[in-house]
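For reference, the structure discussed in these notes is given below.
2 protein chains.
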Amino acid sequence: MDKEKELEMILDLVASKKYVELKEILKDMNEVDLADILNEIEAQTAVLLFRMLPKGLAVDVFAHLTIERQKEIINVITDKELKYIVEELYFDDMIDLLEEMPANVVNKILLQSNKDERDLINQFLKYPEDSAGSIMTIEYVDLKKKMTVKEALQHIKETGLTKETVYTCYVTDENRKLEGIISLRKLVTSDLDQIIEDIMERDVIYVNTHDDQETVANIFRKYGFLALPVVDNENRLTGIITVDDIMDVMEQEATEDFQKMAAMAPSDEAYLESSVFELARHRIFWLLILMVSATISGSIISGAEEVLTAMIVLNSFIPMLMDTAGNSGSQSSTLVIRGLATGEIEMGDFLKVLWKEFRISIVVGIVLAFVNFLRLYYLVKIDFNIALLVSLTLIVTIVISKLLGGTLPLVAKKFKIDPAIMAGPLITTIADATSLTIYFYFAKLILHI
Amino acid sequence: MDKEKELEMILDLVASKKYVELKEILKDMNEVDLADILNEIEAQTAVLLFRMLPKGLAVDVFAHLTIERQKEIINVITDKELKYIVEELYFDDMIDLLEEMPANVVNKILLQSNKDERDLINQFLKYPEDSAGSIMTIEYVDLKKKMTVKEALQHIKETGLTKETVYTCYVTDENRKLEGIISLRKLVTSDLDQIIEDIMERDVIYVNTHDDQETVANIFRKYGFLALPVVDNENRLTGIITVDDIMDVMEQEATEDFQKMAAMAPSDEAYLESSVFELARHRIFWLLILMVSATISGSIISGAEEVLTAMIVLNSFIPMLMDTAGNSGSQSSTLVIRGLATGEIEMGDFLKVLWKEFRISIVVGIVLAFVNFLRLYYLVKIDFNIALLVSLTLIVTIVISKLLGGTLPLVAKKFKIDPAIMAGPLITTIADATSLTIYFYFAKLILHI
C-alpha cells in the first residue's frame, strides 16, 4: 500500500536527517494520515516530526493523536508551543483533551488559558457525558440580521478560518437568542446587497445542551444537516455540533449497543488498544450474572428429574428447545432495540409491536414446529407423542419468547433502564427458563408421566 | 408536541379550504417535516397539499416521501409536473426512485428524460448494490485549475443551487481526470485574484465506483469529510458522495449487522412498515438452520446417556454451561465483527486477536470458575468432585469459546463470507456443542463413570 511506502520514506528521511526535504513533504499531507503515522512510530521520532509541522497543521494533527501521544507531546514542548495549541484547538477537541489528561497535564494546559476561557472550560466540563453540551463547540459564524450579504461574506472571509464550520451561519440578536440560520450556499448564490434578515431561514431546528447525543444523531440523519445549533435553557445559542463529530457519535452508540446486547459493559475504547484486564473486566460482570441466573434453568431441569428418568430421551431435545427459544427472543428484541435507538420505534408503539410479534411468532412457530415434527416422526422415527410434545413446545415457546423479546425493551425504556442492557443479555436466559417450563409441563400432560 | 399541532392546523385549513393561507404556511416549512406529514395523511389530501408547494420545495419533499406515496403522486400529476420533478431531482434520488418503482411507473418517468439521461441512468442502475457507484450523485461543482477565485465563485453563484453540494468543488482536466479539490471555505477566505491551481489541494482521497459503501463510510468517518469524489477505472471523476447519504449508509450497515448477528436475514425496510410475512420470512431461515444444528448438542447429550443416568445431577448444570459458553463466545465475536465493520480490526490482526482473546479468556475463565466453585461447594454443598468438574469445564469452555468467537469472524472474512452472518448466529451453537463435549469427557475422567 502507498501508506506503508509513505511511512518508510518518511522514516528514511528522518534517519538520514534530511529535514528540509521532510518538512516539504509533511506540510502537504492530510492531517488524519499524519496523525496515523505519528501514532504508530516511536515517541521520540513522533515528537521530532510533530515539531516540523507548520503551526496550523500541527494543531489539526494534534487533535487526531492518541491520548498517550498527546500527553508525551505536551510534556516536551515549550510553553509557547503549548499556548499556540491551546489557543488554536477547537473548543470541543480541547474539552475532550482535558477530560482525558491526568491532573498535572490539565494544569499545564489551563496555565496557558486566560480566566474567561477557564470559566467556559469549567462550564463545558460540567455537561453530562453523552449530552449535546458535551460534544458541541463554540467556534461558529455569528451574523446579525441587518447585515448585507456582502458584509456577511466579508465577515466570513476575516474569521472563517478559525471556525469549526462556515457552511451554516447563525443569526443572533443582542441577547444571543437565535433568530435564524443561513447557509453559505445561500450567501454565495444571493446578490451582495440583499439583507440577511430577508433571506435567512427562521424555522430553525435546534437541540438543548442537555439532550442526549443519540437524539442529536437521529436529527442529523433525518434532516441531513451539516451542523445543528445547541441552545441553553434560556434559548440562547451556546454552541454548535458538526456532522463529523456526529458520525463518531453514531458509530460509538452503535458499538455500545452491540456490546450491551452481547452482554458486555459498554466501552468506547478500541479493541486492539484496550488492555487484557480492561476487556476482561468489561465481560466478567454480565457473564457472572448470566451464569448464576442460568441456574434457574438448571433447577427447572432438576425439578423435572422424575420426567427425565422416566424418559431419558427427552433430555436430548433440551438444547434445541433452549436455543430456538433464545434465538427467537433475541431476533425480536434486537429489532425493537435497534428501532428504539434509531427513533423508528417509540414508547407509543407498544401495542403495535406486541400485535406484530404475536402474528410473526405464530407463523414462525408453525413453520418450525411443522419441519421439526416431520423430521422427528418420519426421519428420526421417534414416537408420535414425543414428536408432538416437542413440536407443540416449540410453537408455544416461540410465541412467548417473541412477545417477551419484542416488549421487554419497551418495558425497560419505560422504567428508564437501557433497553439494550436490559433486554439484550437477559432475553436468552428468560427464554431458556420459559421453554423448559413449558416443555416439562407438556411432557407430563401428553406423556402422562 | 408542536408537530401534532402543526398537522392539526394544516388539516383544519384543508377542511375549511383556506388554500391561500395554507400555501403561505407550507412554503416556509422544512422539506423533511413536510414529507413526514404527507406520508402520514390520506393519499388524496397528500396529493392536494403536494400540488400546493412551490416547485423547488415540491421536488425536495418528493425525494423524502415513501415509495407508496411517490407512486400515488406520479400516477396523478401531469406529464409537465412529472418532467419538472425528473429534471430537478438529484441524480442519486432519481436512481433510488427508479429502483423501487414498478415497470409502468419507470416507463412514465423515463419518457420525461432525454436519451443522454437515459443512457446515464442505465449506467448507474448497473452499479452493484451497496457500491459507491450506487449511492453517488452527479451534481457536483466542476472547476478548472486556471480559473481565478472570482471566476470560481461566479460559477458557483450561477450553478450552485442545482448542485448536491457546493462546499467541496472538484478541479478536473479536459478528460475529466481529477486534479484537485478546493473547499468553498478556502474560496471565500482567499483573495479574488488567486488562481485555483495555486490554492487547491492535490492530495485528494477518493474511492472507486465499485468500492463497498461500508469502506466509503469508514473513510468519511476517519477524515470527517463532507463529500468524497468517486472515480471510474480510468480515474475519471464520475460522481460524488455526500455526508448526508453516508449517515444513512452507516445506520443501515449497523442495522444489518445487528440483524445478522441475531440470526436474521438483513433487511433495510423499517420494522413497523414491514409486513408480518416479510418479517417472518427473514427470521425462519436461520431459526431452522440453528434448530437443526442444535440437534448436534442433543445427540452429544444422548451419547452421554450412561453418564447422565449414573449421575442425574449432572443434567442440571447443562443450561449454565451452554449459556456461559454461548455468551463468552458471542462477546468475543461481537467485538471482532464490529471492529471489522468499522475498519479497526483487519485481516492481518489474526494473531493479535487470538493472543488477546486467549489471555482474556484465561482471566475470565478463572474468575467464573472460582465463583462457581465457591457457590457449588460451600453454598449448594455439592460433592467436591462435581464442583471441580463443573468449574474445570467452565475454564476450558470459556477459553475455547472465546478463541473461536474471536477468530471465526476473521476466518469467515478470509473466505469472503460475511463475518456477521457466519460468526454471529453460529457461535452459540458451536460453543454449546463444545461445552457439552468437554463436560462429558471431564465427567468420565474425574468421576470415573
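Chains as they are written, first to last, in UniProt numbering: chain A, 1 to 449; chain B, 1 to 449. Just so it is clear, CB atoms sit at the ideal spot from N, CA and C, and this is done for glycine as well.
Runs of the alpha helix (DSSP H) lying entirely within the stretch 8 to 87 of chain B and spanning at least 4 residues, in chain order: 19 to 26, 31 to 40, 43 to 52, 55 to 63 and 67 to 76. By the Cβ test, the stretch 226 to 243 of chain B is not in contact with the stretch 69 to 89 of chain B, since fewer than three Cβ pairs between them sit closer than 8 Å. When Cβ pairs closer than 8 Å are counted between the two stretches, the stretch 141 to 154 of chain B is seen not to touch the stretch 219 to 228 of chain B, the count staying below three.
Look at B:E100 here: in three-state DSSP terms it is helix. Where B:Y167 is concerned, there is no enclosing alpha helix (DSSP H), because DSSP gives it neither an H nor an E. B:A227 carries a strand assignment under DSSP once its states are collapsed to helix, strand and coil. By the beta-carbon neighbour count (other beta carbons within 10 angstroms, threshold 16), B:F258 is buried.
For A:S435, the secondary structure class from DSSP, reduced to helix, strand or coil, is helix.
Within chain B, the residues F220, R221, Y223, G224, F225, L226 and V243 have their CB atoms less than 9 Å from the CB of A:D244, given in chain order. Exclusion of the five residues before and after A:C169 leaves V141, L143 and I182 as the residues of its chain whose Cβ lies within less than 6 Å of its Cβ.
The stretch 19 to 34 of chain A makes contact with the stretch 188 to 203 of chain B, as at least three CB pairs between them are under 8 Å. Contact annotation: A:V61 and A:L38 have beta-carbon atoms nearer than 8 Å. For B:Q112, no CB of chain A lies under 8 Å from its own CB, so it is not counted at the interface with that chain. At a cut-off of 8 Å between beta carbons, B:R69 makes no contact with chain A.
Residues of chain A with a Cβ closer than 8 Å to the Cβ of B:L153 are, in chain order, V188. With distances taken between CA atoms, A:L388 lies nearest to A:F442 out of A:I362, A:K18, A:F415 and A:F442.
The beta carbon of B:P319 sits closer than 8 Å to some beta carbon of chain A. Minimum Cα-Cα distance from A:Y84 among the listed residues A:E42, A:L110 and A:Q154 corresponds to A:L110. The alpha carbon of B:G326 has as its nearest neighbour, out of B:L404, B:K71 and B:I296, the alpha carbon of B:L404. The Cβ atoms of A:G348 and A:N218 lie no closer than 8 Å to each other. Nearest to B:T334 by alpha-carbon distance, out of B:I74, B:S316 and B:A262, is B:A262. The beta carbon of B:K414 sits closer than 7 Å to the beta carbons of M347 from its chain, once the five residues preceding and following it are set aside; these are given in chain order.
In this structure, A:S435 lies away from B:S299, with their beta-carbon atoms at least 8 Å apart. Taking the CA atoms as reference points, A:G180 sits about 39 Å from A:N107. Beta bridge pairing from DSSP links A:I195 with A:T148. Here B:K18 is exposed. Its C-beta has fewer than 16 other C-beta atoms within 10 Å. In the assembly as shown, A:D12 is an exposed residue. Its beta-carbon has fewer than 16 other beta-carbons within 10 Å. Taking C-alpha positions only, A:V336 is separated from B:S267 by approximately 14 Å.
Taking 8 Å as the upper bound on Cβ-Cβ separation, chain A lies near residues D28, M29, N30 and V32 of the stretch 7 to 35 of chain B. For B:I240, no alpha helix (DSSP H) encloses it; the enclosing beta strand (DSSP E) starts and ends at L237 to T242.
In its chain, beyond the 5 residues on either side, E306, V307, A310, M311 and A443 have a beta carbon closer than 8 Å to the beta carbon of B:I449. Bounds of the alpha helix (DSSP H) holding B:E117 are K115 to L125.
In the structure shown, A:D2 falls within a helical segment according to DSSP collapsed to helix, strand and coil.
For B:K260, the number of other beta carbons within 10 angstroms of its own is at least 16, and it is reported as buried.
Here DSSP, grouped into helix, strand and coil, assigns B:E179 to strand. In this structure B:M250 does not touch A:M264 by the C-beta definition: roughly 21 Å separates them, more than the 8 Å allowed.
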